[in-house]
Each structure stands twice: as structure tokens, then as C-alpha cells.
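Report on one structure; see the data block that follows.
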Amino acid sequence: MADQVSGIITDFMTALSNCSLYTSAHESVGEHSARAVRSMAPFFEEADDLSFTILGDSLLVNDQRYKGRSAHITTFMKRLRRNGVEKIIFGRDLSHKELAAFIASMASTSTEPKSMPNITIGMMEVRFSDSEGGNISDIIDEDIEKLREIDEELTKFGRLNMVGLEDVVASFITTMKEEANVLKVVSPVKSFSNFTFTHTTNVTVLAIFQAESLGMKGDVLHEIGLAGLLHDVGKMFVPKEVLDKPGKLTDEEWVLMRNHTVFGAKYLAGFDDVPKLGVIAAYEHHMKYNGTGYPDTIRRDRRQHIISQIIAVADFYEALRAERPYRKGLETKVIVGFMEEGIGTDFNPLLIKNFLRTLKEVKAF
């Protein structure tokens, strides 16, 4: 029944896409929902329900690994993961109207999808304890370790595990829903050998924090998270002795360091499943609001993308906050002073105003 599975998912994703582009009342949403329900009929002749489960990078249909692959199936898995859904079970009494209503909840940026009479969903587990502070640090440590494993896979085999990165972003977003104080989510550097992964994690968390406070949700929020995780990927092409050098860089070393933005953008552009925002942020995160910084794009009249501006704010704050082998981390009130000095030149005034407001709300300074 591989063709039926492919048809169900294709109609489901087409209805979801049209619902996002137009409204749930658009006629194509109902048409494709009805087609999906009709395609489920053969499964209900053999069982009372039909289940789809996301397990790592595999899709299980009725607990059996589905081997088919298409753009719609990949997008279906990604969309479920981004909505925090690990499993959907459709009951035999499912109607096209009920499916259309569920699809509308999946398309919504203001509500989370919920189970319905003939649709049961399994959400990703939120791993917190009841003790004060919970196990947030343990969760973040697990995510940092996942990033280390993804980096090793990338370095050894040239494979970029986007499924793993999607899971890390979903974990961050879930964690931040449970803990409003972003500074409790930001992780301290426990080992300088882990600095790169901890820095990447914290920049991503701070970027998501800003984006959510600006009202960004859904796919955009996830893509910002992915852009945060990938912003420094170009540093894998810079010699380790240059990256870890505590003293002043030579002119040649500085050229190498500055070029990590170009290296990263070119590298990411070679992957079909990397969002364009990831490529843009890798290229632009060291540009400045007034067009200076690097790469030098003033002569081409290129202005920094808003997502790159968000990541630049997060990157600057985290770089000064974090402890390094050769210096202590700065206090937030000191970093705030530097950020205020850069308003209108280094940073977008709106973003700095919003970032400082949200830090004050969590009593960071």
C-alpha cells in the first residue's frame, strides 16, 4: 500500500500548504482532506486505525518502517517534528471535515495541534522534574552532546544531519516554553573543549528568545533556530590553532578568520535541505547594521537581513558573557553598555531595545 501512503501524505501536505497560504475555508483544503480520507479506506478494512510515527529520520506506518521517500514525505516529517508531534493515529470514523479541522490547527501559528475524536496525537515529551529549576541544564547538556555528535558526523563523513538539528531546535523551543527566564536556559561553559558547541547552543537559544518576543512563530521560528545552530559552520574550515589562539591574530590569520562567513555560506548552499535563512545568517552574522563589518558588502549595497541582525545580537551578547580560557565573562550590565554604544551602527535599534527590555523582564540586570 505504498502508493496509498504516498497519496495520503501528498494530499495532507497540499491541504496544509493551501491552508497556510489562504484559509481553512479554501475549497482546496476540503478537497485534499477528502482525498486523503478516501486513501485511508483500504487500511481501515484491515485495522481500526492508521498511525504515522516519527522515529529519528524514519517514518513508521502502522509501526512498520516506510521506505518510500519524496519531497512531500520529507516535509511531512519535518512539519510534524516542528509542531512537536511524534505520532498521529487516525481512526476509522474519521471524516474529511475533522481532518480539515486538524490540518487548520497544524497550520495555525497561535495554537498547538490537539487530538480530536478520531485523531490522536503523541507530543514530544517535556523532560522536566518537579524540583525547583527542573532539569533544564541536563536537557541543554544533552542537546550540546547531540551537536558534538552531529559535528563529528559532518567532519568525518561530510553528512549534515538536518533531522538531528531539527530535533535540537524543537528541544530548545519546548524548553523555553517551560522556562520563561532565558538566562536559566543559557548554559555555562563547563569545559573549554565544549566551548564551540556551548556557544552555538546559547546563540541559538538567545536568537529564538528574541524572535519569540517579536511575535515570530511556527516555521520561521524553527528556521531561525536552525540558522543559529549553523551560523558558525564556516569555522570548520579555519585551522584549530587560529580558532583557539588566545593572543592577537596575525594579518594572515585574521583573513582566515574573517573568511569563515564566506566558507560557511558556500558550504551550506550545497545542501538542498538547509533553509535559505541558514545560508544568509552564516554569511551575514558579522556584518553590522550600517553595512560595515565583514564580509565587505558596502560596495554592493547589501543590507543585513533581519534574521542575521537577530543572530548578531545574540552572538555579541554570548561572546562577551561567556568565560574563555584567557578571560572572565563580562557581567550583563557591562555588555548592555557596549550594546547601547552600538545602536544604529553595529545593531538594529529596534532589536537592541527589544532585547534589553526582555532581559529586564527576567531581571538579568
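Residue numbers (my numbering): 2 to 366.
Yeah, the Cβ is synthetic: ideal placement off N, Cα and C, and Gly gets one too.
Query - Terminal residues of the beta strand (DSSP E) in which Q305 lies - result: Your numbering for residue 305 matches position 304 in the sequence shown. That residue, Q305, is in no beta strand (DSSP E); it is neither H nor E in DSSP.
Query raised in the report: Which term fits K236, buried or exposed, when burial requires 16 or more other beta carbons within 10 angstroms of its beta carbon?
Result: Here residue 236 refers to the residue found at position 235 of the sequence shown. With 16 or more other Cβ atoms from the protein chains shown falling within 10 Å of its own Cβ, K236 counts as buried.
**Report entry** Residue interval of the alpha helix (DSSP H) (run including S59)
**Finding:** Residue mapping note: residue 59 aligns to position 58 of the sequence shown, counting from 1. Element bounds for S59: not the alpha helix (DSSP H) but the beta strand (DSSP E), 59 to 62.
Requested in this report: Below 8 Å CB to CB, which residues in the same chain sit around N19 once its five sequence neighbours on both sides are set aside?
Outcome: Walking along the sequence shown from the start, residue 19 turns up at place 18. H27, S29, V30, H33, listed in sequence order.
Requested in this report: Under 8 Å by Cβ, that's how I've got H287 and Y295 pegged, so tell me the actual separation to the nearest angstrom.
Outcome: The residue given as residue 287 occupies position 286 in the sequence shown. The residue given as residue 295 occupies position 294 in the sequence shown. With a Cβ gap of about 5 Å, H287 and Y295 count as contacting.
Query - Cβ-Cβ distance between V280 and L269 below 7 Å - result: Indexing the sequence shown from 1 puts residue 280 at position 279. Indexing the sequence shown from 1 puts residue 269 at position 268. Contact: yes.
Report task. Mind checking who M288 pairs with in its DSSP beta bridge? Result -> For the purposes of this step, residue 288 is taken as residue 287 along the sequence shown, with counting starting at 1. Paired residue(s): G294.
Query raised in the report: Taking the alpha-carbon positions, what's the R128 to S116 distance?
Result: The sequence position of residue 128 within the sequence shown is 127, counting from 1. The sequence position of residue 116 within the sequence shown is 115, counting from 1. Any reading at R128 must be qualified, since the residue scores a pLDDT of 48, below 50, and its modelled position is unreliable; the value itself is stated next. A straight line joining the alpha-carbon of R128 with that of S116 spans about 21 Å.
Query raised in the report: Less than 7 Å separating the beta-carbons of Q310 and L244?
Result: In the sequence shown, counting from the first residue as 1, residue 310 sits at position 309. In the sequence shown, counting from the first residue as 1, residue 244 sits at position 243. The answer is no: Cβ separation not under 7 Å.
Query raised in the report: Taking DSSP as the reference, what is the three-state secondary structure of V275?
Result: Residue 275 sits at position 274 when you count from the first residue of the sequence shown. In this structure, V275 counts as coil in the three-state DSSP scheme.
Requested in this report: Specify the secondary structure class of E362 as computed by DSSP and reduced to three states.
Outcome: Residue numbering aside, residue 362 sits at position 361 when the sequence shown is read from its first letter. Under the three-state reduction of DSSP output, E362 falls in the helix class.
Report task. Can you say whether R83 is buried or exposed, counting buried as having 16 or more other CB atoms within 10 angstroms of its CB? Result -> Along the sequence shown, one-based indexing puts residue 83 at 82. If you draw a 10 Å sphere on the C-beta of R83, you find 16 or more other C-beta atoms in it, and that means buried.
Requested in this report: Report yes if the CB atom of P118 is closer than 7 Å to the CB atom of M107, and no otherwise.
Outcome: Here the question's residue 118 lines up with position 117 in the sequence shown. Here the question's residue 107 lines up with position 106 in the sequence shown. For the pair P118 and M107, the CB atoms are not nearer than the 7 Å cut-off.
Query raised in the report: Would you call the region 330 to 341 and the region 214 to 228 in contact, with 3 or more CB pairs under 8 Å?
Result: Contact between the region 330 to 341 and the region 214 to 228 is absent, because fewer than three Cβ pairs lie under 8 Å.
Report task. Count the other CB atoms, across all protein chains shown, that sit within 10 Å of the CB of F366; report buried if there are 16 or more and exposed otherwise. Result -> Translated into the one-based positions of the sequence shown, residue 366 becomes position 365. Per the 10 Å Cβ criterion, exposed.
Requested in this report: Leaving out five residues on either side along the sequence, give the residues of the same chain with a beta carbon under 7 Å from the beta carbon of T11.
Outcome: Taking the sequence shown and counting its residues from 1, one reaches residue 11 at position 10. Cβ within range, chain order: H73.
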